[in-house]
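Single-structure report; data block below.
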Amino acid sequence: MMHLLAQTDSFGSVELGHYLMTSSVLFVIGLIGFLTRRNMIVMFLCTELMFQAAAIAMIAFSRFHHDLSGQVFVIFILTIAAAEAALALSLVVLLYRRKETLSAEAWSELRET
Amino acid sequence: MMAMLDPIFATILLATHGTSGGAFPIAHAMDNLGWAGLILWLPLISMLLCGVCAAMKVRSKAPAIITVILLALSFLVTFALFFNYESPVTIHLFAWFDIQWEGGGFVAPFSLYVDQLTLLWMLFVTGLGTLIALYASEYMEPDLGGGYARFFAGVSVFLFAMSSLVMGDNLVMLYLGWEGVGFASYWLIGYYYQKPSAVAAAKKAFIVNRIGDLGLALGLYLIYHYFGSIQFTEIFASIQHGVDPATAQKGGWTLAAIPFLLMLGAFGKSAQFPLFVWLPDAMEGPTPVSALIHAATMVTAGVYLLCRMAPLMSGLSCSALGIEEWPLFFGWTMPAIDALAMVAWVGGLTALLAATIGMAQYDIKRIMAYSTVSQLGYMFVGVGVLTTYGAAYHVFTHAFFKAVLFLTCGAIMHGFAGQLDLRKLSGLRHMKGWKVVSYTMLYGCLCLIGFPIISSGFYSKDLIMAQAFITQGPGFTALGVIMVITALLTAYYTFRVWFRVCAGEPHYEMGDEHHAPGDDHGGSDHDHHEPHPPGITINFVLIVISIGAVMTIFLGSWVKDMVNGSSAMMVDHHDDLADYWHKWMPYIASAAGLLGGGIAWWFHLANRKAADTVRSTLLSNPMIRWLPTAMENKWYVDEIYHALIRAPLWAGGHLLYLFDKYIVDFAFVDGIAKLPRLMAKAFQPLQNGVLQSYAVHMAGGVALVTVLIIGHAAFLHYWNLIVTFIVNIWASMFGGAA
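Protein chains in written order, with my numbering: chain B, 1 to 113; chain E, 1001 to 1738.
Here it is, written out as structure tokens:
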């Protein structure tokens, strides 16, 4: 595994490790954002961030394995993410209309106990 | 007589002491007597009409009128049949069971077997039934519009079933009637169904009777098995022809079991030890029921069965079949006893046991119940010592005088608001309106103790007691002595009742039974602090039945002819021994009766305080104390039953109940259902409605899985290193040495 991380591509000194680091940072930023914010739109944006972090990791691996199926997969992910974004935002609009607030806490009454 | 017998049967007769059985005439089919079926149908119609009355909520005496009229018609039909009787006949009514197969079949037509035994029984069953229904029409007045119709429907069912039992041409019809009277008895004992004790008594009667019925059912099956038929005509023909030795050999003990099984059935229905416990409790029913079912008619069904089946009882006895000993455990044997000898002994011991219990009771109706058990014991002794004539005659006389006694007890109970305690009633004969009750009761008591000359019991009971000394059998002489002692005890407890209740200073305490508001007894208002003497109906019935009881005195030889013309016939012997006992037994029995009555007179009329003194003396003597205590507590028979049967059954049932409740229901059914619920309880707090906490758990879960995967890989890596290291050391230490 170590040899793969150190492998360089045609961009010269940029290695797989750099891409994965970018991906991880993006993911963690998204996660922290998701965990700390209450605004539903922001939370949704954070999930998108985590989503794209995963996509970056896939593209990087795809490139370094010389296998295009990972990149094809990401195309699909993007398409679905677009559709999902439309759906999610419309849900958020509906939720906002119901409670006149974007805070996720407003919906905590949906809990089990 | 002996010349007429089949030779094989003659040897059987010799084996059974040469006194039983005979070539009695067997019925032949008769076509033109179909109207005799009315004896059965009239009570059935009466039941249906009473049902209609109940459905229409009739508040008048209509059910009683219908029942009395239809039962009276039934009696008249019986009477007509009696006058048309020439020889034993079977009367076909309709085909009932008719199943045929190759080489066999099962035929049980709904037919009547009419011989003199049938007629004898039917005459007093329908006659007394009618009179007691008439009595009940007044007695049951407080229930007018309530249970009145139900009561008379029950009485009608009873008479239908009893007629079927007595008149049936086959054992299946007899069994129908047998179960039918049991059902009617349950129905009527539990008449006051709101009284827990009455319901318990009804259940007890039904369940105890089931034990006897099991015996009868098994006996019935075995009879079918060995005789290929359950019709009396064919069974009697086979038994008269004699038991085929090959069949007897093949049948073994199952053939010999038939008389014992029939005996068990008779013990159940006729309340003999150990199945007598239901009869005293059955007094919870209305008094007319006690008189009709539990004194006069139903309880004699056992005696009827034994009389009807007398040819089998003696023809299939152990001595007739050549069985000399019974196997016991561990290869031991005991000498075989004939079923009839056992009948005699059980009857005798029941008579004594019930008499001793009767001596120590205070409830007059219960005393009468025990006296019934005791007198039934006498009847069984009669059958057992081979005088079916004596037994049937005692049934006949007893039916009348015991009906009188019960109906007088009922009148007293009715008039004194349920008071039955003989300590709380006294001097009835001096009270206005109670003369008829007192003197008919006196006559009933005289019959019960066998008072010389003027009482019917004197003639019938002596026959049985004398025969016990005449017939040769296992300890029959001792049995005769027991009978005489029992006669003394009978006289004591009977007159204890009469002297306490009817004689002496007038004095009474009312019972605690409240009549329904607004009812009207004898057209006069009263509150329940004043006794009300019986009305004209009750007095009329009492007088008629008493006259009937007197008439039975003169019917002895008639009963003898009736019995000897039927399957119950026993051959009479006239030798010196018989003459001796028949001559002297009346004196002995009279002496015993008068002595017992005299003791009762002294303690319960002349010097009532002495009775208490004697009682307290006995109770303070530690050596004798157990005797009166045990007698008062009915010899603890109920308690013994409780300990031996009810308690183990209850414990077993309770154990299974607990198993069901805690193992099956709690552990399995509920336990399995609770498992997901408990798990849900554990994880439910996670669903707290805070979106971020869900995300934390998700992230944590992902992290955990990641750590596990990576950790596992690392663990495998280091494990390999360790193992390799150990193997290398091992190899270097021992590999080189090897």
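Here a beta-carbon is modelled for each residue, glycine too, at the ideal position from N, C-alpha and C.
Short CB-CB distance (under 8 Å) between residue i and chain B
i: V1696/E; result: yes
i: A1682/E; result: no
i: N1688/E; result: yes
i: Q1194/E; result: no
i: L1691/E; result: yes
i: A1699/E; result: yes
Coarse secondary structure for residue i, derived from DSSP in three states
i: N1032/E; result: coil
i: I1099/E; result: strand
i: L1618/E; result: helix
i: W1326/E; result: strand
i: D1576/E; result: helix
i: F1110/E; result: strand
i: T1724/E; result: helix
i: G1518/E; result: Residue confidence for G1518/E is low, a pLDDT of 41 falling below 50, so the modelled location carries little weight; the figure read from the coordinates is stated next. In the structure shown, G1518/E sits in coil (DSSP, three-state: anything other than H, G, I, E or B).
i: M1413/E; result: helix
i: M1679/E; result: helix
i: P1335/E; result: strand
i: F1094/E; result: strand
i: V1058/E; result: coil
i: D1363/E; result: strand
i: N1170/E; result: strand
Option in the options with minimal Cα separation from residue i
i: A85/B; options: N39/B, S23/B, E48/B, R38/B; result: E48/B
i: I1323/E; options: L1292/E, L1686/E, S1270/E, A1257/E; result: A1257/E
i: I1337/E; options: L1352/E, S1314/E, T1356/E; result: S1314/E
i: V1299/E; options: L1117/E, A1399/E, M1698/E; result: A1399/E
i: E1141/E; options: S1693/E, G1433/E, K1583/E, G1415/E; result: G1415/E
i: P1043/E; options: F1075/E, S1238/E, W1719/E, E1179/E; result: F1075/E
i: S1566/E; options: L1405/E, G1212/E, F1232/E; result: F1232/E
i: C1050/E; options: A1064/E, L1038/E, G1037/E; result: A1064/E
i: E1509/E; options: A1417/E, S1438/E, V1559/E; result: A1417/E
i: I1230/E; options: F1097/E, V1058/E, L1619/E; result: F1097/E
i: V1125/E; options: A1149/E, Y1175/E, F1396/E, M1368/E; result: F1396/E
i: P1088/E; options: L1577/E, N1564/E, W1602/E, K1057/E; result: N1564/E
i: Y1224/E; options: Q1272/E, P1245/E, G1104/E, A1133/E; result: G1104/E
i: V1052/E; options: F1152/E, Y1443/E, F1024/E, E1530/E; result: F1152/E
i: H1241/E; options: L1678/E, P1311/E, A1295/E, H1574/E; result: P1311/E
i: E109/B; options: G1689/E, A1695/E, W1730/E, V1664/E; result: G1689/E
i: S23/B; options: A60/B, I75/B, L95/B; result: A60/B
i: L1408/E; options: Y1393/E, V1559/E, I1454/E, S1546/E; result: Before going on, a small fix: residue 1408/E reads as Thr here, not Leu. Closest option to T1408/E, Cα to Cα, is S1546/E.
i: I1482/E; options: D1612/E, Y1378/E, L1128/E; result: Y1378/E
i: M1283/E; options: K1204/E, G1212/E, A1589/E, Y1657/E; result: K1204/E
i: Y1459/E; options: P1586/E, F1666/E, D1576/E; result: P1586/E
i: N1032/E; options: I1091/E, Y1439/E, S1060/E, E1505/E; result: I1091/E
Cβ-Cβ distance between residue i and residue j below 8 Å
i: V1199/E; j: G1190/E; result: yes
i: Y1389/E; j: L1463/E; result: yes
i: C1447/E; j: F1401/E; result: yes
i: L1405/E; j: M1441/E; result: yes
i: V1373/E; j: L1279/E; result: yes
i: L1261/E; j: L1321/E; result: no
i: G1593/E; j: I1449/E; result: yes
i: A1369/E; j: G1382/E; result: no
i: F1380/E; j: V1277/E; result: no
i: L1743/E; j: Y1226/E; result: Chain E is shown only over 1001 to 1738; residue 1743/E falls outside these bounds and no answer can be derived.
Interface flag, residue i vs chain E, CB-CB below 8 Å
i: F34/B; result: yes
i: S108/B; result: yes
i: E112/B; result: yes
i: L16/B; result: no
i: L31/B; result: yes
i: A85/B; result: no
Beta-carbon separation (whole angstroms), residue i vs residue j, contact threshold 8 Å
i: L1386/E; j: L1340/E; result: 7 Å
i: S1156/E; j: S1046/E; result: 4 Å
i: L1275/E; j: V1208/E; result: 5 Å
i: Y1148/E; j: V1541/E; result: About 18 Å; that fails the 8 Å criterion.
i: M1167/E; j: T1118/E; result: 6 Å
i: L1048/E; j: L1159/E; result: About 13 Å; that fails the 8 Å criterion.
i: A81/B; j: F51/B; result: 6 Å
i: L1214/E; j: V1544/E; result: L1214/E to V1544/E, Cβ: 39 Å. No contact.
CB contact check: residue i to chain D, cutoff 8 Å
i: A104/B; result: The question asks about chain D, but that chain is absent: this structure's protein chains are B and E.
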